Amino acid sequence: MKEIQSNINIVGGGLIGAATAYSLSILGNKVVVLEHNDKFDQKKILDKRTTAISEGTKKFLEEINIWNEIGNYAEPIKEIQIIDRNQSNKIYFNNQRRNSNLGYIVKNKFILDCLYKKLQKQKNVEIYNNVSVKDIFYKGSRVVTKQKNFCVNTNILLASDGKNSTIRKIFKTPVYRKDYKKKAIVINFYHSKNHHNTAYEFFFKNGPLAILPMQKQNNEFQSSIVWTNTNKFINSLLSLDDDKIISILNQKIQGSIGEIKKILSKQTFPLKAHLNSRFFENRIIYLGDSAHSFHPIAGQGWNLGMQDVESLYNLVKKYNSLGLELGDEIFCKQFQKDNFFKAYRLYQITDKVDSIFKLDNTIINHARFSAINFIERAKKLKNRISDFAMGVN
Ligand SMILES: Cc1cc2nc3c(=O)[nH]c(=O)nc-3n(C[C@H](O)[C@H](O)[C@H](O)COP(=O)(O)OP(=O)(O)OC[C@H]3O[C@@H](n4cnc5c(N)ncnc54)[C@H](O)[C@@H]3O)c2cc1C
Numbered sequence: 018m019k020e021i022q023s024n025i026n027i028v029g030g031g032l033i034g035a036a037t038a039y040s041l042s043i044l045g046n047k048v049v050v051l052e053h054n055d056k057f058d059q060k061k062i063l064d065k066r067t068t069a070i071s072e073g074t075k076k077f078l079e080e081i082n083i084w085n086e087i088g089n090y091a092e093p094i095k096e097i098q099i100i101d102r103n104q105s106n107k108i109y110f111n112n113q114r115r116n117s118n119l120g121y122i123v124k125n126k127f128i129l130d131c132l133y134k135k136l137q138k139q140k141n142v143e144i145y146n147n148v149s150v151k152d153i154f155y156k157g158s159r160v161v162t163k164q165k166n167f168c169v170n171t172n173i174l175l176a177s178d179g180k181n182s183t184i185r186k187i188f189k190t191p192v193y194r195k196d197y198k199k200k201a202i203v204i205n206f207y208h209s210k211n212h213h214n215t216a217y218e219f220f221f222k223n224g225p226l227a228i229l230p231m232q233k234q235n236n237e238f239q240s241s242i243v244w245t246n247t248n249k250f251i252n253s254l255l256s257l258d259d260d261k262i263i264s265i266l267n268q269k270i271q272g273s274i275g276e277i278k279k280i281l282s283k284q285t286f287p288l289k290a291h292l293n294s295r296f297f298e299n300r301i302i303y304l305g306d307s308a309h310s311f312h313p314i315a316g317q318g319w320n321l322g323m324q325d326v327e328s329l330y331n332l333v334k335k336y337n338s339l340g341l342e343l344g345d346e347i348f349c350k351q352f353q354k355d356n357f358f359k360a361y362r363l364y365q366i367t368d369k370v371d372s373i374f375k376l377d378n379t380i381i382n383h384a385r386f387s388a389i390n391f392i393e394r395a396k397k398l399k400n401r402i403s404d405f406a407m408g409v410n
C-alpha cells in the first residue's frame with residue numbers, strides 16, 4: 018500500500034480545512050488534505066449560505082494573501098441595526114469611529130472556490146477528494162490515517178471535519194452539546210430597495226431574523242435572510258409556495274429593504290451548538306466546527322474558526338523557524354491555551370443573548386427596552402460591542 022509522508026495531514030477540506038491548508042502551505046510545509054466530498058467542482062458546492070466575515074478575519078486573509086481574491090465577492094457592511102421586535106426599539110452600529118467596515122458578506126461557495134484555486138497552485142499540497150477518514154493509528158511519534166489504497170503518515174493531524182467530527186468520535190473526546198430544537202432557514206432573494214450596506218437583526222420571540230446585504234446580481238439588489246424559528250414553523254413555512262413565503266417575510270422585515278421580489282434559494286440547518294472539552298489529542302488538533310459550533314445569532318462561527326487557523330499559523334511559523342518537529346505535547350497544549358477560552362466565551366455569549374431576546378412578558382420586555390435604550394446612548398459600551406463583533410478586541 019502506498020504510504021504518503023507529510024508534515025501536516027488535514028482531515029476535512031471545508032471552509033476551515035482549506036484555509037488551514039493554504040496558510041500552512043505558504044510557510045513551506047508539506048500538507049495533505051483528505052476530503053469526503055468533491056470540493057473542486059463549484060457546481061457541486063451545495064452550501065447556499067453567506068458568511069459575515071469580520072474585520073479581524075479580513076486582516077488575517079490579507080496577511081496570507083488571499084483577501085484580494087475573496088474581496089472581489091465581498092459586500093461591505095457599513096451599518097448594523099439591532100431591532101427588538103419593532104423599529105421603535107433599536108441600536109445602531111456604524112463604521113465611522115474606526116473608519117473601516119463592520120464586516121463583509123460573501124457567499125460560502127466563493128470563499129471555498131478562492132481557497133481551492135489558490136491551493137491547486139501550491140506544489141507542496143496534495144488534495145484527495147472522495148476520501149472519508151475512519152481509520153487512524155500511531156507509528157512511533159507519527160499519526161497514520163489509512164484509506165482503501167493509501168496511508169498518510171504525518172507529524173500532526175488537523176481535524177477540520179466539521180461539527181459531527183469522525184475524529185472526535187474515534188478518540189472519544191468529551192463534548193458539551195446544546196440542541197436548541199430549532200432550525201435556521203437561509204433564504205437568498207432579490208428586493209426592491211437598495212440595502213445601503215446595512216445589516217439588520219430583528220429579535221422576535223421565537224428567534225432572530227438577520228438580513229445580510231449581498232452584492233448585486235443581474236443588476237438586482239440582493240440580500241440573504243437567516244431566520245431562526247421552531248422546527249414546526251420552519252417546516253410549515255417550507256410547505257408554502259414562494260409567493261406566500263414572500264408575503265410573510267415582507268411583514269417581518271418591516272420595509273427595511275423595500276419589498277422582496279424573488280426568492281433565489283432556501284436551505285435549512287438544525288440549530289445545535291457544542292464545545293469539545295479539549296481541543297487536542299496526542300498529535301491531533303481540532304479546528305473550527307470540529308472543536309466548537311455556536312448559535313448563528315452573531316454570525317461568528319467561521320470567524321472564530323479562523324482565529325484557530327491564525328493561531329495555528331503563528332505557532333507553526335515559530336516551530337518551523339526553530340527547526341522543531343510539529344505536533345508534540347507542548348505544541349498541542351499551547352494551541353489549547355490560545356484558543357479554548359475564546360471559544361468558551363463565544364459559546365456562553367451567543368447562548369445568553371439568545372435566551373435574553375427570547376423572553377417575552379411585560380416586565381422583561383420593559384427591562385429589555387430600557388437596556389437597549391441605555392446601550393444606544395452608552396458610547397463606550399457600544400464601541401466595545403462593535404469591536405467584539407468586528408473581531409478587533
Ligand atoms: C445558518 C448558519 C449561518 C452561519 N453564518 C455564519 C456567518 O455569517 N459567519 C460566520 O463566521 N459563521 C457562520 N456560520 C458558521 C459557519 O458556517 C461554520 O462555522 C463553518 O462553515 C465551519 O467550517 P468547517 O470547515 O469547520 O466545517 P464544515 O464546513 O462542516 O467542513 C467540514 C468538512 O469536513 C469534511 N469531512 C467530514 N468528515 C470527514 C471525514 N471523516 N473524512 C474526510 N472529510 C470529512 C466534510 O465533507 C466538510 O467538507 C453559520 C452557521 C450556520 C448554521
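Numbering-wise, my numbering comes out as the position in the sequence shown, counting from 1, plus 17.
Glycine is no exception: its CB is placed at the ideal position from the N, C-alpha and C atoms.
All values reported here derive from a predicted model rather than from experimental measurement.
- Taking the C-beta atoms as reference points, Ile-108 is found nearer than 8 Å to Ile-99.
- The DSSP assignment places no complete alpha helix (DSSP H) segment of no fewer than 4 residues inside the region 300-328.
- Scanning Lys-135, Phe-352, His-208 for the CA closest to the CA of Ser-42 turns up Lys-135.
- Ligand 1 never approaches Thr-379 closely enough for any of its heavy atoms to be under 7 Å from the residue's Cβ.
- Around the Cβ of Tyr-155, a 10 Å sphere holds fewer than 16 other Cβ atoms; the residue is exposed.
- Rounded to the nearest whole angstrom, the C-alpha separation of Ser-328 and Phe-405 is 18 Å.
- For the options Ile-301, Glu-342, Ala-384, Gly-316, the alpha carbon positioned closest to that of Asp-368 is the one of Gly-316.
- The Cβ-Cβ distance between Ser-149 and Ser-307 does not fall below 8 Å.
- At a cut-off of 7 Å, the beta-carbon of Arg-66 counts as near ligand 1: some heavy atom of the ligand is closer than that.
- Not one heavy atom of ligand 1 lies closer than 7 Å to the C-beta of Ser-282.
- Membership of Thr-68 in the beta strand (DSSP E) is indicated by the continuous run 67-70.
- Beta-bridge analysis with DSSP links Met-231 to Gln-239.
- Straight through space, the alpha carbons of Glu-143 and Arg-185 are spaced by roughly 23 Å.
- Straight-line spacing of the CA atoms in Arg-300 and Leu-257 works out to 50 Å.
- At the C-beta level, Phe-220 and Asp-101 come within 8 Å of one another.
- Taking a cut-off of 8 Å on C-beta distances, the region 264-283 touches the region 197-210, as three or more cross pairs fall below it.
- Counting along the chain, Glu-346 sits inside the alpha helix (DSSP H) bounded by residues 346-375.
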